[in-house]
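Participant:
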Amino acid sequence: MKNTDRYKKNLIVSTGKNKTYASESVKSIIYSTDPRDFGQVKKSIPCQDACPAHTNIPGYIRCIHEKRFGRAYELNRLANILPGVLGRICSRPCELYCRHGEPDLGKPVSICSLKRSAADFKSPMHRILEGLYSPSGKKVAVIGAGPAGLGAAHELSVLGHKAVIYEAFEKPGGMLMYGIPDFRLPRNVLMLEIENILRLGVELKTGVKVGTDVSLDSLLSDYDAVVIATGCTMPNRLGAPGEDLEHVYSGVRFMEQVNNGETPYVGKNVMVIGDGFTAMDCARSAVRLGAAEVKVNIRKTEEYMPIDDQEKHEVKFEKIRFYSLVDTKRIIGEKGKVTGIEFLRTKLEYSPNPPYRNAVPIENSEFILPADSVIVAIGQQPFPGEISGKIEQNGARILTRESGFSTSITGLFATGDCASGASNVITAIANGRKCAVDVDEFLIGRKRKIHVVRLESVDNTDRDRAYDFIKRTPMNTLDFDQRVSQRSNEVEKGYNEEQAAQESKRCYLCSLKYEIDTTACIYCSACIDVAPRDCIKMIQDVSMNPDGSFGHYTETRNWNNVSAIAIDNERCIRCGQCYEVCPMDCISVTKTERIELNIEE
Amino acid sequence: MPKNDHYVIIGNGPAGNLAADTLRDSDPDARITIVSNESMTYYYRHKLTEFIKGKAREEDLTVRPYSVYKDKNIRLRLGQQVDKIDPNKKIIYLKHMETVSYTKLIIATGASPRALPSVSNFSKCLNVLSTYSDALAQIPMINKNKTFLVLGGDIISFKFIRMLKDMGKEVTTLLYSEAFWPFSLEADMAQQVKKSLSDKGVTVISDDHIKSVKKSGEAFDIVTEKGLNQSFDSVYSFLGMIPNIRFILGSGIDTDRGILVDDHLKTNFDDVYAAGDCAQIYNPDMKSYWLSIGWNNAKIQGTLAAQNLLGAHKVINPAPQKILEVEGLKINTSWWESF
């Protein structure tokens with residue numbers, strides 16, 4: 017059956033014209049809380065497991081394939097309330113684990129760009145879905161309107177509590193508004209998704225600084241609970257002489273100025289120190305402010321930079337150069353202004369912790385390079401502010417209870433980067449949401465949501481083997497002169513509908529679990545003959561993981577020792593060949609999805 | 021030295037061959053294998069322009085015919101691409117799914133033409149000339165076509181332009197300021213280069229950048245940032261070289277622009293050495309790194325890497341009088357002087 021037909025048929029089901037199909041599909045759905053199923057889902061769907069918010073990636077990519085963009089967007093929203101934003105600026109931890117990126121299988125699916133396509137092609141003013149609970153009468157203050165604060169406020173609101181956000185800046189969004197430049201994230205996209213949150217009744221108070229305009233103590237007495245989600249806003253310092261010279265900026269403050277529409281002086285020759293996304297944003301903003309030569313100075317080498325290849329390419333495309341194996345010794349100036357940097361050469365040495373390399377400065381290897389301005393973007397830490405000394409801290413971070421978000425003060429919770437240390441946007445959103453669930457349990461006194469694995473037997477593999485050979489679709493981007501002519505021009509243009517459809521075919525749909533019914537199998541090994549890789553195994557034994565799910569398969573080539581023919585779902589690329597060829601129809605396909613259910617229904 | 025040593029050399033250029041010879045001279049019984057992704061045995065790359073002109077035959081390019089490998093008992097694997105290396109297991113993985121185990125490894129994969137990110141949108145329309153197979157494939161096209169645009173600036177581009185003029189072609193060159201390689205030319209030097217090319221009848225465009233290249237029929241339409249709009253039969257790019265190290269990334273062998281080695285040409289793994297254009301060498305006196313270019317450097321480094329691999333402790337001489345600083349890297353230029 018064609019997928020579009022399938023979709024139409026589903027529509028018919030929902031209007032009750034095809035009751036047979038409907039009852040069949042209802043019968044075959046199981047909601048499982050068995051740890052073995054969670055273990056299986058974790059191993060089988062590596063992208064979803066790698067996503068801090070556990071977004072249902074195969075699910076939404078399948079929807080894009082079926083051109084159900086609104087549904088794809090809403091599937092994202094279940095885990096992450098800002099799909100249009102994340103589809104542009106996510107650090108893509110999922111793509112590192114995509115099975116398509118395994119050796120000899122090509123490149124990972126462009127998961128992030130497809131998320132953007134869902135946001136781009138859903139109909140304007142589409143219907144957003146929220147599983148709302150009735151009002152609890154409880155009030156919660158959330159400090160900070162960054163990704164963590166927004167995530168927490170949204171989930172609190174869904175759960176029936178009145179959420180009030182206190183934001184120190186004039187506009188909401190936190191780092192999304194003041195950290196990330198608009199050529200990577202247009203502000204109308206960000207604001208629309210924030211409005212989607214606010215329309216649930218979340219109250220937003222901007223320009224209110226907790227600690228100055230209102231005290232934490234008064235919030236604690238006025239509200240039933242308080243969530244701190246103030247992020248990491250204090251830039252790390254180099255600790256090198258010359259850091260306070262004029263035209264030396266911290267990455268965070270520099271981006272703040274740029275995003276406020278100001279034009280900080282950069283001169284012709286700009287030196288950026290740092291290797292993360294903020295450093296790249298600073299370097300690329302400097303190009304748009306008229307710098308002729310921008311160098312990004314890194315202590316290790318390009319291989320160990322914590323940014324993805326696409327970002328590296330864009331940076332180089334904008335004629336920015338990476339200058340590796342250097343460590344800043346001091347910043348040099350004349351008459352209070354920067355004139356250059358004295359560097360030390362570094363050497364890579366083994367370190368026992370990932371990424372297993374340290375950059376060690378070489379003694380007496382000093383040399384000087386000229387600079388008109390220097391931007392230091394070497395990470396941030398939480399700003400201690402008013403809470404300092406009042407609650408338990410772990411360094412600059414707020415200490416939270418193990419596996420939870422409550423602090424040493426009852427009713428006070430902390431989430432996002434101010435508790436976890438600097439992370440990324442998707443982690444902050446996920447933690448904001450998890451924190452809200454903790455707050456809910458604190459306010460209501462019981463858990464109201466659980467995670468289950470939804471198992472649905474399906475009769476179609478939904479894939480064509482030819483899809484496996486489609487190459488990853490490159491992102492459409494602006495030419496260099498269009499990028500610099502207007503600094504807010506968005507560099508990435510997104511896929512068109514056809515490209516999105518093509519890229520969506522590449523997803524293996526790892527959420528489909530393939531199993532052989534060994535009681536019906538006649539051991540003809542036809543499936544092994546058509547297998548595209550060593551995914552179907554003749555096994556004599558299988559180990560168990562601590563959660564009870566299957567672990568390592570012990571293979572045998574001796575027929576006398578074969579106890580089963582099994583499909584290794586960690587090797588399976590869901591090409592469907594075995595399913596097609598099996599003469600006994602003993603291979604079953606089950607759609608497995610990790611979903612959230614209301615415990616009380 | 022135990023008899024069951026298997027020395028594997030990746031790369032069949034001057035560094036690889038001199039390394040193999042050195043190993044064979046000291047260890048008559050060892051197994052030695054050279055893996056090369058090219059289909060031709062060791063040849064003179066700088067004679068490719070003569071070959072295209074028809075002034076040199078295939079035999080004239082050949083440095084070493086297959087018989088020499090046979091006599092020296094060096095196993096030659098031609099046309100085989102190394103996919104990745106596992107230096108912990110001491111295995112190299114070939115593209116055709118074969119694995120080769122080694123006890124000691126020398127990487128001498130050289131460098132290949134660089135594609136600047138700024139031309140990436142139309143890189144499919146740009147020809148490069150780097151290997152024998154490039155030359156072989158391009159001869160009919162070069163003979164047939166009349167008008168050529170050369171995006172140039174590197175030292176090989178000047179040689180290629182001379183070849184085209186000798187063949188009576190119409191040549192326009194767009195001197196790419198960011199492509200001067202191995203180093204940026206001072207304004208007066210650039211002026212000299214421009215004059216010398218103009219004197220040869222080459223149309224020289226400078227202070228401009230290519231904006232787009234589009235295929236239209238048999239020809240290519242180019243547009244520059246300053247508004248030049250012209251059609252050429254073919255477009256070549258010579259924008260410098262980058263070390264061939266892609267297959268090493270992620271293996272645990274340290275790389276920067278090249279493979280990072282100490283002044284003994286050893287990588288961060290005891291049994292893995294690198295030599296020639298692909299190596300980025302640390303010099304303890306300069307306290308910095310340098311890359312080298314070219315035939316003679318490669319020969320010296322290939323020999324030295326093999327000697328050290330066999331237990332010598334020789335230090336590579338960076339010949340400081342010939343080293344220039346480019347983008348923070350010292351570049352040894354002895355090769356381009358003799359080019």
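Respectively, the protein sequence lines represent chains A and B. Residue numbering for the first sequence follows our numbering, beginning at 17 and increasing consecutively. Residue numbering for the second sequence follows our numbering, beginning at 21 and increasing consecutively. Idealized CB from N, CA, C, for every residue including glycine.
1) Taking only beta-carbon atoms, is D497 (chain A) less than 8 angstroms away from chain B?
2) Is it true that the CB of N92 (chain A) sits closer than 8 angstroms to the CB of A134 (chain A)?
3) As a quick exercise: from B:A299, B:P304, B:A318, pick the residue whose alpha carbon is nearest that of L311 (chain B).
4) Between E612 (chain A) and I466 (chain A), what straight-line distance do the alpha-carbon atoms span, to the nearest angstrom?
5) Along the chain, where does the alpha helix (DSSP H) that runs through S133 (chain A) open and close?
6) State yes or no: is the beta carbon of T193 (chain B) nearer than 8 angstroms to at least one beta carbon in chain A?
7) What residues of chain B sit near K332 (chain A), judged by a beta carbon separation below 7 angstroms?
8) Ordered along the chain, which non-local residues of its own chain (more than five positions away) have a Cβ less than 8 angstroms from that of P109 (chain A)?
9) For S312 (chain B), decide whether its Cβ has a neighbour in chain A, counting only Cβ atoms nearer than 8 angstroms.
10) Quick test of the definition: if touching needs 3 or more C-beta pairs under 8 angstroms, does the stretch 146–161 of chain A touch the stretch 522–539 of chain A?
11) For the alpha helix (DSSP H) containing P124 (chain A), list its first residue and its last residue.
12) Going by beta-carbon coordinates alone, are T362 (chain A) and I289 (chain A) separated by less than 8 angstroms?
13) Within the continuous beta strand (DSSP E) that includes V158 (chain A), where are the two ends?
14) Relative to the alpha-carbon of L206 (chain A), which residue among A:I244, A:N252, A:G100 has its alpha-carbon at the smallest distance?
15) Give the DSSP bridge partners of R346 (chain A), in chain order.
16) Quick one: what does DSSP say S234 (chain A) is sitting in, helix, strand or coil?
17) Apart from the five residues on each side of it in sequence, which residues of its chain come closer than 6 angstroms, Cβ to Cβ, to I77 (chain A)?
18) Which residues in chain B sit within 9 angstroms of N380 (chain A), going by Cβ to Cβ distance?
19) Pick from B:C145, B:F289, B:L329, B:A157: whose alpha carbon is nearest that of L43 (chain B)?
20) Consult DSSP for D25 (chain B) and reduce its assignment to one of helix, strand or coil.
21) Just to confirm the assignment: which complete beta strand (DSSP E) runs, minimum length 3, are found wholly within the stretch 205–264 of chain B?
22) Say whether the stretch 425–439 of chain A touches the stretch 563–581 of chain A, bearing in mind that this needs 3 or more beta-carbon pairs closer than 8 angstroms, one atom from each stretch.
23) Looking at the unbroken beta strand (DSSP E) that takes in G172 (chain B), where does it start and where does it end?
24) With 16 as the cutoff for other CB atoms within 10 Å, does K177 (chain A) come out buried or exposed?
25) Determine whether the Cβ of L112 (chain A) lies closer than 8 angstroms to any Cβ atom of chain B.
26) Measure the alpha-carbon distance for V346 (chain B) versus Y27 (chain B) and round it to whole angstroms.
27) Kindly indicate the opening and closing residues of the alpha helix (DSSP H) around V455 (chain A).
28) Assign L112 (chain A) to one of two classes, buried (16 or more other C-beta atoms within 10 Å of its C-beta) or exposed (fewer than that).
29) Between the stretch 30–49 of chain B and the stretch 316–332 of chain B, are three or more C-beta pairs nearer than 8 angstroms?
30) Identify which residue in A:M193, A:V312, A:A299 has its Cα closest to the Cα of Y339 (chain A).
31) DSSP has M560 (chain A) in a bridge; who is on the other side?
32) What residues from chain B crowd round H116 (chain A), counting only those whose CB sits closer than 8 angstroms?
33) Are the CB atoms of G356 (chain A) and I384 (chain A) nearer to each other than 8 angstroms?
34) Find the residues of chain A that neighbour E245 (chain B), judging by a C-beta separation of less than 8 angstroms, and give them in chain order.
35) Among A:K487, A:Y89, A:Q502, which residue has its Cα nearest to the Cα of G117 (chain A)?
36) Could you check how far apart the C-beta atoms of L208 (chain A) and L201 (chain A) are, in whole angstroms? I think they sit under 8 angstroms.
Facilitator: This is what the structure holds:
1) Position 481 of the first sequence holds residue 497 (chain A). True, the Cβ-Cβ gap to chain B drops below 8 angstroms.
2) On the first sequence, residue 134 (chain A) is found 118 positions in, with the first residue counted as 1. On the first sequence, residue 92 (chain A) is found 76 positions in, with the first residue counted as 1. Yes, the Cβ-Cβ distance between A134 (chain A) and N92 (chain A) is below 8 angstroms.
3) In the second sequence, residue 311 (chain B) corresponds to position 291, counting from 1. Out of B:A299, B:P304, B:A318, B:A299 has the C-alpha closest to the C-alpha of L311 (chain B).
4) As a working note, residue 612 (chain A) is residue 596 in the first sequence. As a working note, residue 466 (chain A) is residue 450 in the first sequence. Going from the Cα of E612 (chain A) to the Cα of I466 (chain A) covers about 6 angstroms.
5) Reading the first sequence from its first residue, position 117 is the one you call residue 133 (chain A). Looking at the DSSP string, the run of the alpha helix (DSSP H) that includes S133 (chain A) is 127–137.
6) The residue labelled residue 193 (chain B) in the question sits at position 173 within the second sequence. Closer than 8 angstroms: no.
7) Taking the first sequence and counting its residues from 1, the one referred to as residue 332 (chain A) is at position 316. Here the neighbours are P137.
8) As a first step, residue 109 (chain A) must be located in the first sequence, where it is residue number 93. A66, C67, P68, N440, I442, listed in sequence order.
9) Reading the second sequence from its first residue, position 292 is the one you call residue 312 (chain B). The C-beta of S312 (chain B) comes no closer than 8 angstroms to any C-beta of chain A.
10) no
11) By 1-based counting over the first sequence, the position of residue 124 (chain A) is 108. Unbroken run through P124 (chain A): none, as it is neither H nor E.
12) The sequence position of residue 362 (chain A) within the first sequence is 346, counting from 1. The sequence position of residue 289 (chain A) within the first sequence is 273, counting from 1. No.
13) Here residue 158 (chain A) is taken as the residue at index 142 of the first sequence, counted from 1. Where V158 (chain A) is concerned, the enclosing beta strand (DSSP E) starts and stops at 155–159.
14) Reading the first sequence from its first residue, position 190 is the one you call residue 206 (chain A). Looking at the Cα atoms, A:G100 is the closest of the given residues.
15) Here the question's residue 346 (chain A) lines up with position 330 in the first sequence. In DSSP, R346 (chain A) forms a bridge with A:E358.
16) The sequence position of residue 234 (chain A) within the first sequence is 218, counting from 1. Note: S234 (chain A) maps to helix in three-state DSSP.
17) Here residue 77 (chain A) refers to the residue found at position 61 of the first sequence. If we look at I77 (chain A) and ignore the five residues flanking it on each side, its Cβ neighbours are L130, S520, C523.
18) Indexing the first sequence from 1 puts residue 380 (chain A) at position 364. Near N380 (chain A) (Cβ distances below 9 angstroms), the residues of chain B are K307.
19) Along the second sequence, read from residue 1 onward, the residue named residue 43 (chain B) stands at position 23. For L43 (chain B), the nearest C-alpha among the options comes from B:L329.
20) Here residue 25 (chain B) corresponds to residue number 5 of the second sequence, with the count starting at 1. In the structure shown, D25 (chain B) sits in coil (DSSP, three-state: anything other than H, G, I, E or B).
21) 223–225, 230–236, 239–244, 249–252, 254–257, 261–263
22) Output reads no: the stretch 563–581 of chain A does not touch the stretch 425–439 of chain A.
23) One-based indexing of the second sequence puts residue 172 (chain B) at position 152. Where G172 (chain B) is concerned, the enclosing beta strand (DSSP E) stretches over 167–172.
24) Taking the first residue of the first sequence as position 1, residue 177 (chain A) is located at position 161. Looking at the sequence provided, one finds His at residue 177 (chain A) rather than Lys. Burial call: buried.
25) In the first sequence, the residue the question calls residue 112 (chain A) occupies position 96. With 8 angstroms as the cut-off, L112 (chain A) does not count as an interface residue toward chain B.
26) Numbered from its first residue, the second sequence carries residue 346 (chain B) at position 326. Numbered from its first residue, the second sequence carries residue 27 (chain B) at position 7. Residue placement at V346 (chain B) is poorly supported in this model, since its pLDDT is 44, which falls under 50; the coordinates still yield a value, given next. For V346 (chain B) and Y27 (chain B), the distance between alpha carbons rounds to 34 angstroms.
27) Locating residue 455 (chain A) in the first sequence gives position 439, counting from the first residue. Run containing V455 (chain A): 441–460, per the alpha helix (DSSP H) assignment.
28) Taking the first sequence and counting its residues from 1, one reaches residue 112 (chain A) at position 96. Exposed: under 16 other Cβ atoms inside 10 Å.
29) The stretch 30–49 of chain B vs the stretch 316–332 of chain B: in contact.
30) As a working note, residue 339 (chain A) is residue 323 in the first sequence. The candidate whose alpha carbon is nearest that of Y339 (chain A) is A:V312.
31) Stepping through the first sequence from its first residue, residue 560 (chain A) is reached at position 544. In DSSP, M560 (chain A) forms a bridge with A:F566.
32) The residue labelled residue 116 (chain A) in the question sits at position 100 within the first sequence. The premise fails here: H116 (chain A) is roughly 17 angstroms from chain B at the closest Cβ pair, so nothing lies under 8 angstroms.
33) Locating residue 356 (chain A) in the first sequence gives position 340, counting from the first residue. Locating residue 384 (chain A) in the first sequence gives position 368, counting from the first residue. Taking 8 angstroms as the Cβ cut-off, G356 (chain A) and I384 (chain A) qualify as a contacting pair.
34) Working through the second sequence from its first residue, we reach residue 245 (chain B) at position 225. Taking the beta carbon of E245 (chain B) as reference, the chain A residues within 8 angstroms of it are D497, listed in sequence order.
35) Within the first sequence, the letter at position 101 stands for residue 117 (chain A). Comparing Cα-Cα distances from G117 (chain A) to each of A:K487, A:Y89, A:Q502, the minimum goes to A:K487.
36) Taking the first residue of the first sequence as 1, we reach residue 208 (chain A) at position 192. Taking the first residue of the first sequence as 1, we reach residue 201 (chain A) at position 185. Actually they are not in contact, since the Cβ atoms of L208 (chain A) and L201 (chain A) sit about 12 angstroms apart, beyond 8 angstroms.
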